[in-house]
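Take a look at the structure set out below.
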Amino acid sequence: MIELKSTNEIDRMAVTGQFVGELLAELSGVAAVGVNLMDIEHHARRRIAERGAESCYWDYSPSFGRGPFRNVLCLSVNDAVLHGLPHDYVLRDGDLLSIDMAVTIDGWAADSALSFVVGAPDPADLKLIEATEVALEAGIAAAQPGGRLGDVSAAIGEVAHSYGYRVNGEFGGHGIGRTMHEAPHVANSGRPRRGMKLSPGLTIAIEPWLCRSTDKIRVDDDGWTIRSADGSRTAHSEHTVAVTEAGPRVLTRRPDAQRS
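Going by the UniProt record's numbering, the residue at position 139 of the sequence shown is 139; the numbering climbs one at a time, nothing skipped.
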């Protein structure tokens, strides 16, 4: 069942989204060459506790993982793209890091992710990250009232293909609101003018992710970390978005001075 949110409820989600965006921007500044992933994880735990928020990841046990997940961040490095378990790993020059987080505040959730390179970047990595960011903005722009869910998926897929990347269909975006994962599924490729109608009050997490040279994935022995099947670099971008009468409203924008 899909629950449409009132304007007041979307405003409450926006409070959560602002915190998520600000913390992600902060964490992107914490991440640097020589920093351990667990230091980033513990920094996030402190900030979440200080805000009185609750992690959507802690103790999460979905059908696709080997639960429970006992962290507040997904930290995915290089060929890892989704659900990366924070672990004892020191970031190296040129590492591509994806940070994904979701929390609730006063019962309302927001979810967002970004990817960036620590140290000196490889231009190919910057292109890959840019593709996910441009695809995300295209998906957001397509989330118009009266449109169709397929418009969002098609916009994402069109950008990915224009950059020369293939799209994996196993994981994508999702509805969000009172919990992190709600209906509907938001695919990263699709056909325009197909699927459910986009009504004001619909809140979704739009999250394109790409692998540089494949659309196939594999899962680590930890049961969580998803990697490109061929070991190529990966990237992931995500925002929580509300469909409103005035158009799409991004609830997890990060501060302008930081990575957006």
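Ideal placement from N, C-alpha and C gives every residue a C-beta, glycine not left out.
- Note that the segment 150 to 157 touches the segment 178 to 190; at least 3 beta-carbon pairs, one per stretch, sit closer than 8 Å.
- The three-state reading of DSSP puts residue 171 in coil, since its state is none of H, G, I, E or B.
- The distance from the Cβ of residue 33 to that of residue 40 is about 13 Å, inconsistent with a contact at the 8 Å cut-off.
- Between the segment 62 to 82 and the segment 218 to 236, the count of Cβ pairs shorter than 8 Å is three or higher; the stretches touch.
- Residues of the same chain with a CB within less than 8 Å of the CB of residue 72, apart from the 5 flanking positions on each side, are 41, 44, 45, 48, 55, 57, 58, 101 and 103 in chain order.
- Residue 114 and residue 6 do not touch by the CB rule: their CB atoms are close to 29 Å apart, not below 8 Å.
- Of 196, 99, 128 and 217, the smallest CA-CA separation from residue 171 is found for 217.
- The distance from the Cβ of residue 177 to that of residue 109 is about 6 Å, consistent with a contact at the 8 Å cut-off.
- Ranked by Cα distance from residue 19, the options 105, 210, 243 and 141 are led by 105.
- In the three-state reduction of the DSSP assignment, residue 192 falls in the coil class.
- For residue 153, the secondary structure class from DSSP, reduced to helix, strand or coil, is helix.
- For residue 137, the closest C-alpha among the options 145, 159, 128 and 60 is that of 159.
- According to the DSSP assignment, residue 101 belongs to the beta strand (DSSP E) that extends over 96 to 105.
- A Cβ-Cβ separation of about 18 Å leaves residue 97 out of contact with residue 69 under the 8 Å criterion.
- In summary, residue 247 is exposed, with fewer than 16 beta-carbon neighbours lying within 10 Å of its beta-carbon over all protein chains present.
- Nearest in C-alpha terms to residue 60, of all of 74, 107, 36 and 122, is 74.
- At the C-beta level, residue 13 and residue 210 stay beyond 8 Å of one another.
- Excluding its 5 nearest sequence neighbours in each direction, residue 84 has C-beta neighbours in its own chain below 6 Å: 74, 75, 76 and 225, listed in chain order.
- With fewer than 16 other Cβ atoms from the protein chains shown falling within 10 Å of its own Cβ, residue 222 counts as exposed.
- Between residue 1 and residue 242, the C-beta gap is not smaller than 8 Å, which leaves the two residues out of contact.
- Here the alpha carbons of residue 112 and residue 231 stand approximately 24 Å from one another.
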